[in-house]
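Protein chains in written order, with our numbering: chain A, 153 to 630; chain B, 153 to 630.
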């Protein structure tokens, strides 16, 4: 008999291998160390493996852990202070950010809350994009999540005096400092924790870095053999800056400086045209679609359908808590399907199976971890979740003539049906409780830090009484 | 001191009275018998009331129970068998329905599961629309929910031999039988259970009943002093039938026969033009918007924005489990806000406070219960929920300078944060568990019934191998 640490049996297995969902009835998954030893029929695996622990998954789905391909966990502490308005950043986020950003303790408390929230909804891998990532990464180490992280890098001056509509001035000294932070992140963290932590490069946007800096980053990506995680065509302000500075739109410019290839993870594409999107896809770049966030902030459904015409390297991300306002990949799957159906006025587009792949197998490829995660296959890392299909919203299970499991995971699951989570072979959540942190303490500590931030932000809202959220406050609508 | 049965103290209270959300910090709600005795400041109510039970709501929201203004609970058993396709009814629902509909035991088991699912997400009032409602109503009696029910009435023959595109033939004998069932429903149930159960009239659609029958129903609504709950302009097939039969579209026809008034609860309006919608609204009729269901089934965002230009009597409904696929009013609020933002390409429309009113105060008015429920005010029925804001997805709470409670309830809540539910003064759910039924038994019995239905339906899918869901099955995509 072969040895296994964990043997899950009698589950509804979705391997997500191949083209579809890879359903196995009465399926089993054997985990040895940090890896999947085998996936198959329960009877077979019970004969083949002597396991330290056998887990009965009857009535439950076993599937790859979900991948959040774009999240800013440091922003979680100000969840819900900025939505239902234009100028989301200036009239809601910004005054809070001014006190939040310098308070590393608050950033850490918020980030941990955000990771906890997401883990409880089945996320096992986080593309966390923030500064200071050298600090936030410690939360991922502690709670036990897989993190593919990027330090936000730009060349914006500490105090930005640019008026709306004017070209930003860059501060090369600031850029240099941030690049040094990025190199330190790689030195200190890349490949750590049994490879669970990996680093990417993170230019904030093509408008916020000089051409020289962007070229340096491209070269560094080759040397470090990693991905470039970057907001691309994320707003009309970005496009305006690009045209003013270079006389061309973002994607044409990125093509010119050699960014359009498999290393690029292009986040949002909110303002990209369908033609630009297809061109970017044809060059091998991945796309991260943040349906909830862009829906709330901009009222826009990005051109993901155009991307899919050319490439399947489409991943989903939950973005930041202020302006989504949740970080739950079940939420992202559902919004991705329904928003795109309504955009196309066609209920057949973005079917459940395809959207589930965007949060697992295709996402893993898009973020450069396709050889390690995203499917349940022997040899891959053991990142998997067990979902209780006996929760009312996922019941009943029908296996034939039409199986309802995948549609109900995408269209009905709330996230709280995820009962167990295994990351890198370690049980991080069991019986709906995260084992590696004390959940109540995480919530309490985040609340304490938020109280402090809110108190400090109060002054910064003075003189903003005519902004929409302050008016909603005055009118008793918040 | 006045007597109270329950006194909730130290909560974040959202009364939903007046125009906004009626926020009270450190708020209290006193419940005496089936009614709200007082709402106000905790200190004041603690002095004023001697309560049998005092409940500490620190860190929790107290708000009106949510109203699902359109649900077919009998369909729950086939959740997830029909989506991502055109001809949702013919290629998914219908073969299952043929075996489900005659099996009253299966309908009852599914309906109870559906009600349980919804109660666990904060729904306290159900506009349940089905046949045989004389049976399904017993589930609402048992679990303790408020139900405003309608027996589906139409004049369609038992076996419909009409070809696609042809005018339906009516069977007056079938119509007569169904009207008798409706009258029996009123006789047996209207006003029962301390008024918790009330009945409406439920013509299935203007295309499925003769003009004579619709006129009889209108007259009956006056005599019985109740609402008419009806699908209106729900599909292009309906409009086609109306033009063929009467030479006019649905809303013009309904105007002619005196349906456009405050008694009408017009469900869907999927195919209504903006002009028709505004006209209907101007006549005082209510609208029920089923965002999730119509998004999945049709890829359409109905003209609710046009309705709101004229009237605030807009309610939300979750429709049926096959084709939504969940029945969770938090899901409906979130989709209503974001789908309408994307339709209008404007993040300011359908703000959180307005959408929360559509599931509470405005909904109550639209369904004809505005004097009884929908807000927390002295004298109203005690239908309220307590939501735990210390769940990770709703944390932290920020009270000022910008309060984040309402946006997080609409955009982040999954539904499972609802900890307690009081309906008609009775605690139906406490500590996240429904007290009036055994949750595990409800799920298990629904699963057993679903197994039976699936087995019987298998034969009916023979010869349907070329339909899209059967092809997805064959391709390993379900």
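In this text, a Cβ means the ideal position worked out from N, Cα and C, and glycines have one as well.
Query raised in the report: List, in order along the chain, the chain A residues whose C-beta lies closer than 8 Å to that of residue 279 of chain B?
Result: Going along chain A, no residue has its Cβ under 8 Å from residue 279 of chain B, so there is no contact; the nearest lies around 20 Å.
> Can you round the beta-carbon distance between residue 445 of chain A and residue 476 of chain A to whole angstroms, since I take them to be within the 8 Å contact cut?
Replying inline: About 4 Å; that satisfies the 8 Å criterion.
Counting only Cβ pairs nearer than 8 Å, list the residues of chain A close to residue 493 of chain B. 447, 448, 451
> Of all the alpha helix (DSSP H) runs that stay within the bounds of the stretch 330 to 390 of chain A, which reach a length of 4 or more residues?
Replying inline: 363 to 376
Do residue 561 of chain B and residue 508 of chain B have their beta-carbon atoms positioned less than 8 Å apart in this structure?
yes
- prompt: Quick one: any contact between the stretch 251 to 271 of chain B and the stretch 311 to 323 of chain B, if contact means 3 or more CB pairs under 8 Å?
  reply: no
field: DSSP state of residue 275 of chain A mapped onto helix, strand, coil
entry: Strand, per DSSP.
- prompt: Around the Cβ of residue 247 of chain B, are there at least 16 other Cβ atoms within 10 angstroms (buried) or fewer (exposed)?
  reply: buried
Inter-residue spacing [alpha-carbon to alpha-carbon] between residue 601 of chain A and residue 229 of chain A
Taking the straight line joining both Cα atoms gives about 8 Å.
Review point. Who are the neighbours of residue 583 of chain B on chain A, taking C-beta pairs under 7 Å?
Key: Per Cβ cutoff of 7 Å: no residues; residue 583 of chain B is ~15 Å from chain A at best.
Whole-number beta carbon distance between residue 456 of chain A and residue 432 of chain A, since they are thought to touch under 8 Å: About 12 Å; that fails the 8 Å criterion.
Q: Flag this pair as yes or no: are the beta carbons of residue 664 of chain A and residue 359 of chain A separated by less than 8 Å?
A: The structure shown does not extend to residue 664 of chain A, since chain A spans only 153 to 630, so no value can be given for it.
### Message
I need the straight-line Cα distance from residue 155 of chain B to residue 292 of chain B, nearest angstrom please.
### Response
29 Å
query: Hey, out of A/543, A/586, A/605, whose CA is closest to residue 598 of chain B's CA?
result: A/543
Candidates B/251, B/226, B/290, B/281: closest to residue 266 of chain B by CA position
B/226
Requested in this report: Evaluate contact between the stretch 517 to 527 of chain B and the stretch 565 to 583 of chain A, counting only Cβ atoms and requiring at least three cross-stretch pairs below 8 Å.
Outcome: no
Nearest chain B C-beta to residue 560 of chain A closer than 8 Å, yes or no?
yes
**Message:** Is it buried or exposed, residue 262 of chain B, if we count other Cβ atoms within 10 angstroms and call 16 or more buried?
**Reply:** buried
*asked:* Using a 10 Å radius around the Cβ and a threshold of 16 neighbouring Cβ atoms, would you call residue 530 of chain B buried or exposed?
replied: Exposed, by the Cβ-count rule.
| query | Applying a beta-carbon distance threshold of less than 9 Å, which residues of chain A neighbour residue 488 of chain B? | reply | The contacting residues do not exist; residue 488 of chain B stays about 12 Å from chain A at best.
Can you grab the Cα-Cα spacing for the pair residue 372 of chain A / residue 167 of chain A, in whole Å?
35 Å
Could you check the C-alpha separation between residue 625 of chain B and residue 616 of chain B for me, to the nearest Å?
12 Å
| request: Pull up the DSSP beta-bridge partners for residue 183 of chain B, would you. | output: B/158, B/188
Practice task
Quick one: grab the DSSP three-state call for residue 573 of chain A.
Solution key: strand
Practice item. Determine which residues of the stretch 264 to 293 of chain B have a Cβ less than 7 Å from any Cβ of chain A, and write them out in chain order. Key: 265, 268, 269, 272
**Report entry** Listed by chain order, chain B residues near residue 500 of chain A by CB distance under 8 Å
**Finding:** 236, 237, 238, 620
| At a cut of 8 Å, does the stretch 295 to 314 of chain B reach the stretch 344 to 358 of chain B through at least three beta carbon pairs? | yes
Is the CB of residue 406 of chain A under 8 Å away from at least one CB in chain B? no
If we ignore side chains and look at the alpha-carbon of each, how far apart do residue 276 of chain A and residue 218 of chain A end up?
Rounded to the nearest angstrom, the two C-alpha atoms are 6 Å apart.
Could you tell me if residue 269 of chain B is buried or exposed, where buried requires 16 or more neighbouring beta carbons within 10 angstroms of its beta carbon? buried
Q) Within the chosen definition, does the stretch 465 to 472 of chain A reach the stretch 411 to 423 of chain B through at least 3 CB pairs nearer than 8 Å? A) Taking 8 Å as the limit for Cβ pairs, the verdict is that the stretch 411 to 423 of chain B does not touch the stretch 465 to 472 of chain A.
ask   = For the stretch 515 to 545 of chain B, which residues have a CB atom closer than 7 Å to at least one CB atom of chain A, in sequence order?
value = 542, 544, 545
Quick check: what's the CA-CA separation for residue 558 of chain A versus residue 555 of chain B? 37 Å
| query | Below 8 Å between beta carbons: does that hold for residue 596 of chain A and residue 564 of chain B? | reply | no
Open item on the list: So, for residue 211 of chain A: in the same chain, excluding its five sequence neighbours on each side, which residues have a beta-carbon less than 6 Å away from its beta-carbon?
Closed with: 541, 542
Tell me, to the nearest whole angstrom, how far the beta carbon of residue 233 of chain A is from that of residue 474 of chain A; I am working on the premise that it is less than 8 Å.
-> Contact flag correct, Cβ pair sits at about 5 Å.
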